[in-house]
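Comments concern the structure below.
Residue numbers (the numbering used here): 4 to 351.
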């Protein structure tokens with residue numbers, strides 16, 4: 004007969020062991036005793052983060068102070084009286100301030116416009132064409148375009164006509180663009196009627212002289228000058244400007260043709276229609292002639308189509324009674340074409 008199992012615990016079989024020894028030990032008896040924090044620990048925990056935060060605050064305060072010190076536009080202009088390698092950056096800051104809605108009052112400051120114009124005028128007297136000096140003139144010209152007063156317009160006209168070195172074409176283009184921006188800000192007729200404005204823009208629209216271009220040195224081409232002039236003429240308007248834009252519809256440069264058509268459409272001139280139809284063609288490879296990569300070509304195609312649609316809308320708004328049937332057909336065809344969704348929706 005089998006014996007019943009022994010109910011005694013394993014501890015009962017081990018000498019020197021009792022029930023108390025077999026119980027789990029309390030946690031407080033297992034962990035080491037708690038020690039008070041040392042001075043080094045407190046230093047790491049509180050003092051070092053405090054120092055780091057203090058440094059960050061001081062850097063921020065110093066940066067804010069420097070920004071404040073450099074935020075006085077008249078002080079910036081005074082600093083430009085003494086030129087150095089960073090002068091163009093000050094002119095860049097100045098042009099950005101004038102575009103900033105927080106400094107809206109500056110755009111009516113005739114004294115400030117006159118001081119900037121004086122600096123640009125002195126620069127145009129200089130024959131130096133180093134990169135920092137060209138950049139300086141570019142940003143001074145851009146700054147003058149942001150005003151609503153015409154004090155800087157005469158020097159912008161000079162800048163649009165001055166080209167002694169190929170690099171000065173950058174300044175010419177900036178001046179032409181700024182004349183257009185100034186026309187928007189101060190009024191197209193006011194700018195158009197100022198002496199020399201139309202003569203400078205018409206001359207730029209007929210620019211044919213090319214400059215040497217290398218990978219290291221690529222001043223704007225004659226076509227870029229004509230294209231920029233077409234943009235400015237389209238903004239300014241007037242009979243002489245529109246007639247010149249009609250002539251530019253036959254320019255060899257697609258960008259020039261398209262800017263001319265857009266300018267004509269802005270003023271409701273139906274002479275833009277054939278070129279607008281060209282702009283609305285999804286397979287318009289002529290528009291991509293200057294682009295290299297597939298990404299550039301795709302972007303340019305979308306841009307031309309979008310600009311064509313916007314210009315068409317302008318023409319329809321200004322000349323609703325014109326013979327616009329061919330243009331409407333081009334827009335309808337575009338709405339069904341294989342084009343980006345944004346373009347297709349815009350055409351619908």
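Yeah, the Cβ is synthetic: ideal placement off N, Cα and C, and Gly gets one too.
On a predicted model such as this, the values are computed, not experimentally measured, just so you know.
8 Å Cβ cutoff met for residue 115 and residue 145:
Walking along the chain shown from the start, residue 115 turns up at place 112. Walking along the chain shown from the start, residue 145 turns up at place 142. Not closer than 8 Å, so no.
Could you tell me the distance, in whole angstroms, from the CA atom of residue 292 to the CA atom of residue 337?
The sequence position of residue 292 within the chain shown is 289, counting from 1. The sequence position of residue 337 within the chain shown is 334, counting from 1. Residue 292 and residue 337: Cα-Cα distance of roughly 21 Å.
Grouping DSSP H, G and I as helix and E and B as strand, with all else coil, what is residue 188?
Your numbering for residue 188 matches position 185 in the chain shown. In the structure shown, residue 188 sits in a helix (DSSP, three-state: H, G or I).
Starting from residue 204, trace the alpha helix (DSSP H) both ways and give me its first and last residue.
Walking along the chain shown from the start, residue 204 turns up at place 201. 200-208 is the span of the alpha helix (DSSP H), which, as asked, contains residue 204.
Does DSSP classify residue 151 as helix, strand or coil?
On the chain shown, position 148 is the one that residue 151 refers to. Judged by DSSP in its simplified three-state form, residue 151 adopts coil rather than helix or strand.
May I ask which residues mark the beginning and end of the alpha helix (DSSP H) holding residue 246?
Residue mapping note: residue 246 aligns to position 243 of the chain shown, counting from 1. Run containing residue 246: 242-251, per the alpha helix (DSSP H) assignment.
What's the C-alpha gap between residue 136 and residue 159?
If you number the chain shown from 1, residue 136 lands on position 133. If you number the chain shown from 1, residue 159 lands on position 156. C-alpha separation (whole angstroms): 16 Å.
Count the other CB atoms, across all protein chains shown, that sit within 10 Å of the CB of residue 302; report buried if there are 16 or more and exposed otherwise.
On the chain shown, position 299 is the one that residue 302 refers to. Around the beta carbon of residue 302, fewer than 16 other beta carbons sit within 10 angstroms, so the residue counts as exposed.
Counting C-beta neighbours from all protein chains within 10 Å, is the total for residue 174 16 or more, i.e. buried, or is it exposed?
Position 171 of the chain shown, counted from the first residue, corresponds to residue 174. Burial call: buried.
For residue 298 and residue 276, what's the separation of their Cα atoms in angstroms?
Taking the first residue of the chain shown as position 1, residue 298 is located at position 295. Taking the first residue of the chain shown as position 1, residue 276 is located at position 273. One C-alpha to the other measures close to 29 Å.
What would DSSP say about residue 285, mapped onto helix, strand or coil?
Residue mapping note: residue 285 aligns to position 282 of the chain shown, counting from 1. Shown here, residue 285 sits in coil according to DSSP, grouped into three states, outside any helix or strand.
For residue 139 versus residue 94, is the C-beta spacing smaller than 8 Å?
Stepping through the chain shown from its first residue, residue 139 is reached at position 136. Stepping through the chain shown from its first residue, residue 94 is reached at position 91. Yes, Cβ-Cβ distance for residue 139 and residue 94 is below 8 Å.
If you draw a straight line from the C-alpha of residue 261 to the C-alpha of residue 131, how long is it?
By one-based count along the chain shown, residue 261 stands at place 258. By one-based count along the chain shown, residue 131 stands at place 128. Answer to the nearest angstrom: the Cα atoms are 35 Å apart.
Label residue 230 either buried or exposed according to how many other C-beta atoms from any shown protein chain fall within 10 Å of its C-beta, with 16 as the threshold for buried.
The sequence position of residue 230 within the chain shown is 227, counting from 1. That one is buried.
In three-state terms, what does DSSP make of residue 339?
Here residue 339 corresponds to residue number 336 of the chain shown, with the count starting at 1. Looking at residue 339 - three-state DSSP - the assignment turns out to be coil, as it is neither helix nor strand.
Quick check on this structure: which residue in 254, 186, 241 has the alpha carbon closest to the alpha carbon of residue 228?
Taking the first residue of the chain shown as position 1, residue 228 is located at position 225. Closest by alpha carbon: 254.
Boundaries (first-last residue) of the alpha helix (DSSP H) holding residue 169
One-based indexing of the chain shown puts residue 169 at position 166. It is not in any alpha helix (DSSP H) - residue 169 carries neither H nor E in the DSSP assignment.
Within 8 Å, do at least three Cβ pairs link the segment 100-116 to the segment 83-91?
Touching, no, given that fewer than three Cβ pairs across the two stretches are closer than 8 Å.
Buried or exposed (CB count within 10 angstroms, at least 16 for buried), residue 272
Translated into positions along the chain shown, residue 272 becomes position 269. Around the beta-carbon of residue 272, 16 or more other beta-carbon atoms lie within 10 Å, marking it buried.
Where residue 80 falls, given that 16 or more other Cβ within 10 Å makes a residue buried
Numbered from its first residue, the chain shown carries residue 80 at position 77. Counting the other Cβ atoms within 10 Å of the Cβ of residue 80 gives 16 or more, which makes it buried.
Assuming residue 235 and residue 179 are in contact, meaning their beta carbons sit under 8 Å apart, how far apart are those beta carbons, in whole angstroms?
Position 232 of the chain shown, counting from 1, holds the residue named residue 235. Position 176 of the chain shown, counting from 1, holds the residue named residue 179. With a Cβ gap of about 5 Å, residue 235 and residue 179 count as contacting.
Just to check my reading of the structure: residue 315 and residue 279 have Cβ atoms closer than 8 Å, yes? What is that Cβ distance to the nearest angstrom?
Locating residue 315 in the chain shown gives position 312, where the first residue counts as 1. Locating residue 279 in the chain shown gives position 276, where the first residue counts as 1. Between residue 315 and residue 279 a beta carbon distance of about 6 Å is seen, short of the 8 Å cut, so the two are scored as contacting.
Cβ shell of residue 189 (< 8 Å), same chain only, five flanking positions each side left out:
For the purposes of this step, residue 189 is taken as residue 186 along the chain shown, with counting starting at 1. 150, 151, 152, 153, listed in sequence order.
Excluding five sequence neighbours on each side, which residues of the same chain lie with their C-beta closer than 7 Å to the C-beta of residue 319?
For the purposes of this step, residue 319 is taken as residue 316 along the chain shown, with counting starting at 1. Sequence-distant Cβ neighbours of residue 319 in its own chain, meaning closer than 7 Å and more than five residues away, are 327.
Is it buried or exposed for residue 202, if we count other Cβ within 10 angstroms and need 16 for buried?
The residue labelled residue 202 in the question sits at position 199 within the chain shown. Exposed, because fewer than 16 other Cβ atoms sit within 10 Å of the Cβ of residue 202.
Can you give the beta carbon distance from residue 290 to residue 307, rounded, assuming they're within the 8 Å contact cut?
As a first step, residue 290 must be located in the chain shown, where it is residue number 287. As a first step, residue 307 must be located in the chain shown, where it is residue number 304. About 5 Å separates the CB atoms of residue 290 and residue 307; that is less than 8 Å, so the two are in contact.
What are the boundary residues of the alpha helix (DSSP H) that residue 124 is part of?
In the chain shown, the residue the question calls residue 124 occupies position 121. Where residue 124 is concerned, the enclosing alpha helix (DSSP H) stretches over 113-128.
Classify residue 135 as helix, strand or coil using the three-state DSSP reduction.
By 1-based counting over the chain shown, the position of residue 135 is 132. Three-state result, residue 135: helix.
Supposed contact pair residue 214 and residue 172 - C-beta distance, whole angstroms, cut 8 Å:
Within the chain shown, numbered from 1, the residue matching residue 172 stands at position 169. Within the chain shown, numbered from 1, the residue matching residue 214 stands at position 211. Between residue 214 and residue 172 the Cβ distance is about 7 Å, and since that is below 8 Å, they are a contact.
Give the DSSP-derived three-state secondary structure of residue 224 in the structure shown.
Here residue 224 refers to the residue found at position 221 when the chain shown is read from its first residue. In this structure, residue 224 counts as coil in the three-state DSSP scheme.
From this set, 141, 126, 124, which residue's C-alpha is nearest residue 99's C-alpha?
Mapped onto the chain shown, residue 99 falls at position 96. If we check each option's Cα against that of residue 99, 141 comes out closest.
If we count the other Cβ atoms within 10 Å of its Cβ and call it buried at 16 or more, is residue 103 buried or exposed?
Residue 103 sits at position 100 when you count from the first residue of the chain shown. Exposed, because fewer than 16 other Cβ atoms sit within 10 Å of the Cβ of residue 103.
Over what stretch of residues does the alpha helix (DSSP H) that includes residue 257 continue unbroken?
Walking along the chain shown from the start, residue 257 turns up at place 254. Per DSSP, residue 257 belongs to the alpha helix (DSSP H) from 257-269.
Classify residue 250: buried if its beta carbon has 16 or more other beta carbons within 10 angstroms, exposed otherwise.
As a position in the chain shown, residue 250 is number 247, starting the count at 1. Exposed: under 16 other Cβ atoms inside 10 Å.
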